[in-house]
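K.L.:
Right, I'll just put the structure down here and ask away after.
Number of protein chains: 2
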Amino acid sequence: MEAEPNPAASPARTRPIGVFDSGIGGLTVVSALRKILPNESIFYLGDTARVPYGGKSAATVERYSTEMIAMLLEEDCKTVVVACNTASALALPRLEALSPVPVLGVIRPGAEAAVSATRNGQIGVIGTRATIKSGAYERALRELDPALLVTARACPLFVPLIEEGWLDGEITERVVRQYLEPLVAEGIDTLVLGCTHYPLLRQTIGNFLGDAIALVDSAQNCARAVMHLLDAEALHAGGNETGHLAVALTDPPDAFLEVAQAALHFEIGAVQLRQVLHPSKP
Amino acid sequence: MEAEPNPAASPARTRPIGVFDSGIGGLTVVSALRKILPNESIFYLGDTARVPYGGKSAATVERYSTEMIAMLLEEDCKTVVVACNTASALALPRLEALSPVPVLGVIRPGAEAAVSATRNGQIGVIGTRATIKSGAYERALRELDPALLVTARACPLFVPLIEEGWLDGEITERVVRQYLEPLVAEGIDTLVLGCTHYPLLRQTIGNFLGDAIALVDSAQNCARAVMHLLDAEALHAGGNETGHLAVALTDPPDAFLEVAQAALHFEIGAVQLRQVLHPSKP
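Protein chains in written order, with this note's numbering: chain A, 633 to 914; chain B, 633 to 914.
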């Protein structure tokens with residue numbers, strides 16, 4: 633299951649960008665990173681042994697996230713991207729405090745993009761139960777503009793629908809309508825897709841909302857924020873070779889990996905299996 | 633969060649029946665046990681910090697189940713019920729081998745009830761991805777009667793629908809039809825609800841299937857199997873007092889606990905929080 637050393641890498645192998653997610657939904661962030669930063673190497677870690685984080689408590693999500701970032705630091709990552717909205721919402725301050733390298737979440741970039749997109753100041757946010765309950769998007773949006781009207785809603789059926797591969801069709805359309813109709817009734821003109829899985833439902837959500845409501849994709853905005861961070865910290869990889877991509881999971885991949893690869897149009901190659909280490913015993 | 637000592641318990645406190653599940657779906661088994669064995673004490677342990685098991689690998693489910701049973705043995709349980717179909721399907725031989733007290737899963741009792749119920753020998757089984765992939769129900773059914781025709785299907789949307797509280801309504805009806813139509817087309821006359829959550833969808837599933845197809849509820853049959861085991865091993869609690877019920881979870885309960893309590897018509901009282909111990913380090 634070990635990844636092959638990448639023969640195209642520069643002699644002093646470049647330090648990768650570490651990306652972690654509760655599962656493989658964060659590959660949407662990897663896909664966006666590959667497009668705008670093709671020569672960066674990426675080490676992706678998905679905690680599929682404990683997925684999903686979205687229905688779990690803040691304490692548990694913080695503990696799991698701490699264990700994931702420790703594993704990424706062992707890979708000598710030069711920066712860590714918390715691609716999971718739930719982990720970003722609940723654990724970012726703790727992760728920033730303990731990491732010796734810069735840590736970047738998806739909430740702040742998503743909030744900034746939403747503020748740029750809205751014209752009427754009414755923004756909707758959708759995500760997992762834990763993300764919505766945390767109020768993290770509301771806080772980030774109101775820090776940027778206290779006058780915004782924010783309506784948030786948990787959509788816990790979206791991830792299982794996506795993992796089932798039902799990205800469109802009548803059932804998915806009805807679930808989308810059930811969750812989003814109240815947000816439309818509130819008069820939002822911008823909707824933040826506050827979960828890394830949700831871009832895979834972009835088409836069906838867009839069909840329901842129509843062109844008048846802008847969709848803010850946390851994956852794309854997060855990738856842009858990584859680019860700015862690499863600029864600011866002078867951390868860009870040298871050379872023009874395509875960066876190496878390694879994917880590791882804490883439980884072997886299931887059928888959803890194929891759904892994700894097909895939907896994202898990229899190959900991830902061999903997947904490594906890693907056991908979670910529990911460094912701090914109770 | 634500690635449970636109150638039960639003042640109604642007999643002086644020499646009776647050893648409880650231990651019940652574990654990946655989450656709180658196994659409360660359907662507890663509900664069935666309370667009805668037929670009201671004077672038994674029960675200690676229920678739900679691994680909500682790592683729920684669901686249904687999409688995870690056999691190795692991971694076996695490891696988690698081993699950790700859960702160790703926690704139940706610390707509670708001095710006189711027998712352990714593996715209320716989770718996924719854990720029963722993937723980990724029962726290992727749990728039986730390591731436990732000093734009898735261990736009972738839900739697969740065998742469900743299979744026996746299905747064999748009693750069928751008239752045409754065509755049985756359908758629904759469950760999580762991991763349960764169906766394991767083939768455990770097929771094996772148990774064919775051991776009882778090699779001539780049976782068995783059709784199995786994973787229904788990964790059912791658990792999230794139930795946890796969302798959408799036990800009926802148009803979306804749930806459509807998902808039920810999507811999953812079950814092929815089984816009906818096969819000509820089954822009996823359907824095993826091979827996941828402890830599924831009895832909460834019994835009404836909607838029954839409405840779709842009609843009276844000609846018998847539903848086998850793994851929770852009820854498991855409770856009956858526990859009663860037979862207590863008979864056979866002379867393990868029944870003495871006295872006529874109502875048994876004590878303690879519920880412990882590895883992550884604090886969320887909204888689904890209320891859905892389950894309302895649907896099952898029973899109160900579980902204060903919930904204890906337990907941290908998973910990792911006895912065997914890699």
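Just so it is clear, CB atoms sit at the ideal spot from N, CA and C, and this is done for glycine as well.
Between V738(A) and S720(A), which are expected to be in contact by the criterion C-beta below 8 Å, what is the C-beta distance as a whole number of angstroms?
P.N.:
Yes, V738(A) and S720(A) are in contact; Cβ-Cβ is about 5 Å, under 8 Å.
K.L.:
Count the other CB atoms, across all protein chains shown, that sit within 10 Å of the CB of S748(A); report buried if there are 16 or more and exposed otherwise.
P.N.:
The residue in question, S748(A), is exposed, as its Cβ has fewer than 16 Cβ neighbours within 10 Å.
K.L.:
Please check if any C-beta of chain B sits within less than 7 Å of the C-beta of R906(A).
P.N.:
No, no contact with chain B.
K.L.:
What residues in the segment 801-821 of chain B have a beta carbon less than 8 Å from any beta carbon of chain A?
P.N.:
From the segment 801-821 of chain B, only E802, I803, R806, V807 and Q810 have a Cβ closer than 8 Å to chain A.
K.L.:
Does the structure place the segment 771-787 of chain B close enough to the segment 876-895 of chain B that three or more beta carbon pairs sit under 8 Å?
P.N.:
Result no; under three Cβ-Cβ pairs closer than 8 Å.
K.L.:
Could you check whether A715(B) and V791(B) sit closer than 7 Å to each other, using their CB atoms as the reference points?
P.N.:
It is not a contact, given that the beta carbons lie outside the stated cut-off.
K.L.:
G678(B) and D708(B): beta carbons closer than 7 Å?
P.N.:
No.
K.L.:
Scan the segment 671-705 of chain A for residues whose Cβ lies nearer than 7 Å to a Cβ of chain B and list them as they occur along the chain.
P.N.:
Listed by position, the residues of the segment 671-705 of chain A near chain B (Cβ gap below 7 Å) are A681, R682, G687, K688, S689 and T692.
K.L.:
Verify whether the separation of the beta carbon atoms of G742(A) and S850(A) is less than 7 Å.
P.N.:
Yes, Cβ-Cβ distance for G742(A) and S850(A) is below 7 Å.
K.L.:
Cβ closer than 7 Å: which chain B residues qualify as neighbours of H910(A)?
P.N.:
Chain B residues near H910(A): H910.
K.L.:
What separation, rounded to the nearest whole angstrom, lies between the Cα atoms of L861(A) and L905(A)?
P.N.:
So the alpha carbons of these two residues sit roughly 29 Å apart.
K.L.:
Scan the segment 871-893 of chain B for residues whose Cβ lies nearer than 9 Å to a Cβ of chain A and list them as they occur along the chain.
P.N.:
Hits within the stretch, in order: T882, D883, P884, D886, A887 and F888.
K.L.:
My output table needs one value for L773(B): the three-state DSSP class, helix, strand or coil.
P.N.:
If DSSP states are grouped into helix, strand and coil, L773(B) belongs with the helices.
K.L.:
Taking the alpha-carbon positions, what's the T882(B) to I764(B) distance?
P.N.:
The straight-line gap from Cα to Cα measures roughly 26 Å.
K.L.:
Name the chain B residues that come within less than 9 Å of E793(A), Cβ to Cβ?
P.N.:
Checking the sequence shown, residue 793(A) turns out to be Leu, not Glu. Residues of chain B passing the Cβ test: L789 and P792.
K.L.:
Got a sec: is the Cβ-Cβ distance from E707(B) to anything in chain A below 7 Å?
P.N.:
Closer than 7 Å: no.
K.L.:
Residues in the segment 756-771 of chain B with C-beta within 8 Å of chain A's C-beta atoms, listed in sequence order?
P.N.:
Within the segment 756-771 of chain B, the residues whose Cβ lies closer than 8 Å to some Cβ of chain A are R761, listed in chain order.
K.L.:
Reducing DSSP to helix, strand and coil, say where F840(B) ends up.
P.N.:
DSSP places F840(B) in helix when its eight states are reduced to three.
K.L.:
According to DSSP, simplified to helix, strand and coil, what is Q904(B)?
P.N.:
Here Q904(B) sits in strand by DSSP.
K.L.:
Please classify Y676(A): does DSSP put it in a helix, a strand, or coil?
P.N.:
Correct three-state label for Y676(A): strand.
K.L.:
Taking buried to mean at least 16 other C-beta atoms within 10 Å of its own C-beta, is E672(B) buried or exposed?
P.N.:
E672(B) should be labelled buried.
K.L.:
What are the start and end residues of the beta strand (DSSP E) that includes D653(A)?
P.N.:
Where D653(A) is concerned, the enclosing beta strand (DSSP E) stretches over I649 to D653.
K.L.:
Please check if any C-beta of chain B sits within less than 7 Å of the C-beta of E796(A).
P.N.:
So, interface residue.
K.L.:
Is DSSP giving G759(B) helix, strand or coil here?
P.N.:
Residue state, collapsed to three classes: strand.
K.L.:
Assess, as a yes-or-no matter, whether the segment 682-700 of chain B is touched by the segment 870-880 of chain B under the definition of 3 or more beta carbon pairs within less than 8 Å.
P.N.:
No: the two stretches stay apart, fewer than three of their Cβ pairs being nearer than 8 Å.
K.L.:
Between the alpha carbons of R809(B) and D800(B), how many angstroms are there, rounded?
P.N.:
Distance between the alpha carbons of R809(B) and D800(B) is about 12 Å.
K.L.:
Within the same chain, show all residues whose beta-carbon is closer than 6 Å to that of A846(A), passing over the 5 residues directly before and after it, in chain order.
P.N.:
Cβ within range, chain order: A749 and T822.
K.L.:
Closest by CA to A895(B), which one among V824(B), H829(B) and E728(B)?
P.N.:
Nearest of V824(B), H829(B) and E728(B) to A895(B), Cα basis: H829(B).
K.L.:
Which stretch, first to last residue, makes up the beta strand (DSSP E) that contains A846(B)?
P.N.:
It spans A846 to D849 - the beta strand (DSSP E) in which A846(B) sits, taken as one unbroken run.
K.L.:
Hey, which unbroken runs of the alpha helix (DSSP H) at 4 residues or more fall wholly within the segment 847-873 of chain B?
P.N.:
Whole alpha helix (DSSP H) segments, 4+ residues: 850-865.
K.L.:
Can you tell me where the alpha helix (DSSP H) holding R806(B) begins and where it ends?
P.N.:
Run containing R806(B): E802 to E818, per the alpha helix (DSSP H) assignment.
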